[in-house]
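K.L.:
Take a look at the following structure, please.
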Amino acid sequence: MRSQRPELHLLTGAYAADALAGAELGQFEKHLDLCPSCAEEVRGLRETAARLGIATSIVPPPAMRQQVLQAANRTRQLPPSDRRLLAVGAPRRRARLRRPLTAVAVTAMAAAIVVLAFLQTATQHRLQQVQSANQAIAAVLIAPDARIETHGTTVGGTVTAVVSARNHEAVITSARMPVPPASRVYQLWVMSASGTRSAGLMPAISAGAGSTAPVLTADVQPGDRLGITIEPAGGSARPTTAPIAVLSVYA
Amino acid sequence: MEASSAGRQDDPGQEGRGQQLAGLLAQVARGDHSAFEEVYDQLAGPVYGLVRKVLRDPAQSEEVAQEVMLDVWRTASRFDAGRGSAGAWVMTIAHRRAVDRVRTETAAAAREQKAAASPENGDNVAELVENALDQQRVRRCLDALTPLQAEAVTLAYYGGYTYPQVAELLGVALGTVKTRIRDGLIRMRDCMGVTR
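Protein chains in written order, with the working numbering: chain W, 1 to 251; chain L, 252 to 447.
In structure tokens form, the structure reads like this:
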């Protein structure tokens, strides 16, 4: 196929429907930059999805028009983007618009907006995903039922999972694990009674700290196990090597 | 593949409308309020409809739809006609905002409760449906999909579910859902004569 990563190419549809989340979204967007045929396909599928959206059209509440137009009157617009300029730290939860839009809300929103220098919607989305991932990670860490499991790996170092069974989510980090061999990556798996599914790649090991940034794994059920294997760059659809660590998820 | 669908434009008005919208957005980017009113009048219905379809709750939907329309005003200068149509740009913002709202935990919980309390809401919205023609075309093309394709596309796009959630809801493998959403959208694209 045109892409060296046919399994990633298959995600064009899910991406166009905003059905990707977490680590997989980031991986796919990275892949998009390298795969013009994927980008082209995404474009067509987005147009298609938009038609599905347009078909749902219903008459909006009449008062909304005046509220939006008045809010626009009070809202400064973004300048055309220097596509390189990307402000980080944009608040994900922006001031919510109240009905009717209050001057305060609009001012707060405008202030938040100035921080945001959107590139294109794809990058905006990625930013929001990063922020929402951070928020989701925090939610697991502070969950009342959060449990911590730490295990040594067969290649050295440790893997730590903070699991909230109630949230069905786990946050995974590692410490002092060796950098994987050339063209190899660490891949996470959720092993459940119904089978094994990929939970994405472990982030690159930061040189200084020797640790990996926390990643969130969703849809984790009590009784599942979390495994890590070494896979060819880009990851595999199924584990191809024996796990270097396996952690259990307790209820 | 993409090229083969190029000649199947079955709605010649679509492209003209798209170009007109793109032109309006360029004016909006220069601060033209009356152009924004026109954009509002053309897109507030689709935006509100889609957000409502995903979120269900009317008050929350109105709030999010307002945010979307204000986003359009604010970020009009970032619209790039070379990267897609104006309609798709706006609907993408709307869908992402709706999905974003769904995926914040508290909103999701509230939504589930509401859905449980009144399973009939949403699809029987007794509000005036606009764009009957668009709707017929989408319906016809959805009917041409396999049931699994149609369900996967519908749950992902209208339901706002991630594809692993869709897999769980349908009780099928992740890989199956991944390909069904893609195949389904590709068939929809060709059926509706989307040109890009």
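The beta-carbon is built from N, C-alpha and C at its ideal position, and this holds for glycine as well.
Here the structure is a predicted model, which is why all the values come from computation and not from measurement.
(1) Measure from the alpha carbon of Val-42 (chain W) to the alpha carbon of each residue in W:Leu-25, W:Ile-58, W:Met-64 and W:Leu-11, then state which is nearest.
(2) Would you report the Cα separation of Ile-148 (chain W) and Thr-343 (chain L), rounded to the nearest angstrom?
(3) Applying a beta-carbon distance threshold of less than 8 Å, which residues of chain L neighbour Gln-46 (chain W)?
(4) Where Pro-214 (chain W) and Gln-270 (chain L) are concerned, what is the direct C-alpha to C-alpha distance, given to the nearest angstrom?
(5) What residues from chain L crowd round Pro-263 (chain W), counting only those whose CB sits closer than 7 Å?
(6) Taking 7 Å as the CB-CB cut-off, is Ser-57 (chain W) touching chain L?
(7) I'd like to check one pair, Ile-58 (chain W) with Gly-422 (chain L): are the Cβ atoms closer than 7 Å?
(8) Just tell me which of W:Pro-222, W:Pro-80, W:Val-185 and W:Pro-181 has its CA closest to the CA of Asp-145 (chain W).
(9) Between Leu-396 (chain L) and Gly-435 (chain L), is the Cβ-Cβ spacing less than 7 Å?
(10) Over what stretch of residues does the alpha helix (DSSP H) that includes Ile-437 (chain L) continue unbroken?
(11) For Leu-260 (chain W), which residues of its own chain have a beta-carbon under 7 Å away from its beta-carbon, when the five flanking residues on both sides are left out?
(12) Using the Cα positions of Pro-80 (chain W) and Trp-340 (chain L), report the straight-line distance between them to the nearest angstrom.
(13) With a CB to CB cut of under 6 Å and the five nearest residues on each side skipped, what residues in its chain are close to Thr-154 (chain W)?
(14) Let me see if you follow: with CB-CB separation under 7 Å, is Met-191 (chain W) close to chain L or not?
(15) Ala-213 (chain W) versus chain L: which residues are under 7 Å apart at the beta carbon?
(16) Give the residues of chain L in contact with Ile-137 (chain W), contact being defined as C-beta atoms less than 9 Å apart.
(17) Taking only beta-carbon atoms, is Pro-239 (chain W) less than 7 Å away from chain L?
(18) Taking the alpha carbon of Arg-334 (chain L) as the point to measure from, which residue in W:Ala-204, W:Gln-135, W:Thr-196 and W:Leu-45 has its own alpha carbon closest?
(19) Closer than 9 Å, Cβ to any Cβ of chain L: which residues of the segment 141-153 of chain W, in chain order?
(20) With a threshold of 7 Å on Cβ separation, who are the neighbours of Ala-17 (chain W) within its own chain once the five nearest residues in sequence on each side are excluded?
(21) Need the endpoints of the beta strand (DSSP E) that Val-246 (chain W) sits in, please.
(22) Mind checking Gln-66 (chain W): buried by the 16 CB within 10 Å criterion, or exposed?
P.N.:
Straight from the coordinates:
(1) In the first sequence, counting from the first residue as 1, residue 42 (chain W) sits at position 42. When each option's Cα is compared against that of Val-42 (chain W), the closest is W:Leu-11.
(2) Residue numbering aside, residue 148 (chain W) sits at position 148 when the first sequence is read from its first letter. Residue numbering aside, residue 343 (chain L) sits at position 92 when the second sequence is read from its first letter. Cα to Cα, Ile-148 (chain W) sits roughly 38 Å from Thr-343 (chain L).
(3) Here residue 46 (chain W) refers to the residue found at position 46 of the first sequence. The displayed chain sequence assigns Arg, not Gln, to residue 46 (chain W). Chain L residues near Arg-46 (chain W): Gly-335, Ala-339 and Thr-343.
(4) If you number the first sequence from 1, residue 214 (chain W) lands on position 214. If you number the second sequence from 1, residue 270 (chain L) lands on position 19. About 44 Å.
(5) In this structure chain W extends from 1 to 251, so residue 263 (chain W) is not present and cannot be described.
(6) If you number the first sequence from 1, residue 57 (chain W) lands on position 57. Answer yes: the Cβ-Cβ gap between Ser-57 (chain W) and chain L drops below 7 Å somewhere.
(7) Counted from its first residue, the second sequence places residue 422 (chain L) at position 171. Counted from its first residue, the first sequence places residue 58 (chain W) at position 58. No, Cβ-Cβ distance for Gly-422 (chain L) and Ile-58 (chain W) is not below 7 Å.
(8) Within the first sequence, numbered from 1, the residue matching residue 145 (chain W) stands at position 145. Checked all of W:Pro-222, W:Pro-80, W:Val-185 and W:Pro-181; the closest Cα to Asp-145 (chain W) is W:Pro-222.
(9) Position 145 of the second sequence holds residue 396 (chain L). Position 184 of the second sequence holds residue 435 (chain L). Yes. Within cutoff.
(10) Taking the first residue of the second sequence as position 1, residue 437 (chain L) is located at position 186. Run containing Ile-437 (chain L): 425-443, per the alpha helix (DSSP H) assignment.
(11) Not covered by the structure: residue 260 (chain W). The range shown for chain W is 1 to 251.
(12) Within the first sequence, numbered from 1, the residue matching residue 80 (chain W) stands at position 80. Within the second sequence, numbered from 1, the residue matching residue 340 (chain L) stands at position 89. When rounded, the distance between both Cα atoms is 16 Å.
(13) On the first sequence, residue 154 (chain W) is found 154 positions in, with the first residue counted as 1. Only Ile-244 meet the Cβ criterion.
(14) Against the first sequence, residue 191 (chain W) aligns to sequence position 191. Judged by the 7 Å Cβ criterion, Met-191 (chain W) is not in contact with chain L.
(15) For this step, residue 213 (chain W) is matched to residue 213 along the first sequence. Near Ala-213 (chain W) there are no residues of chain L at all, since even the closest Cβ is about 20 Å away, more than 7 Å.
(16) As a first step, residue 137 (chain W) must be located in the first sequence, where it is residue number 137. Residues of chain L passing the Cβ test: none, with the nearest at roughly 13 Å.
(17) Here residue 239 (chain W) refers to the residue found at position 239 when the first sequence is read from its first residue. No, no contact with chain L.
(18) Against the second sequence, residue 334 (chain L) aligns to sequence position 83. Taking only the C-alpha atoms, the option nearest Arg-334 (chain L) is W:Leu-45.
(19) none
(20) Looking up residue 17 (chain W) in the first sequence gives position 17. Ala-49.
(21) Residue 246 (chain W) sits at position 246 when you count from the first residue of the first sequence. It spans 245-248 - the beta strand (DSSP E) in which Val-246 (chain W) sits, taken as one unbroken run.
(22) Locating residue 66 (chain W) in the first sequence gives position 66, where the first residue counts as 1. When all chains shown are included, Gln-66 (chain W) counts as exposed.
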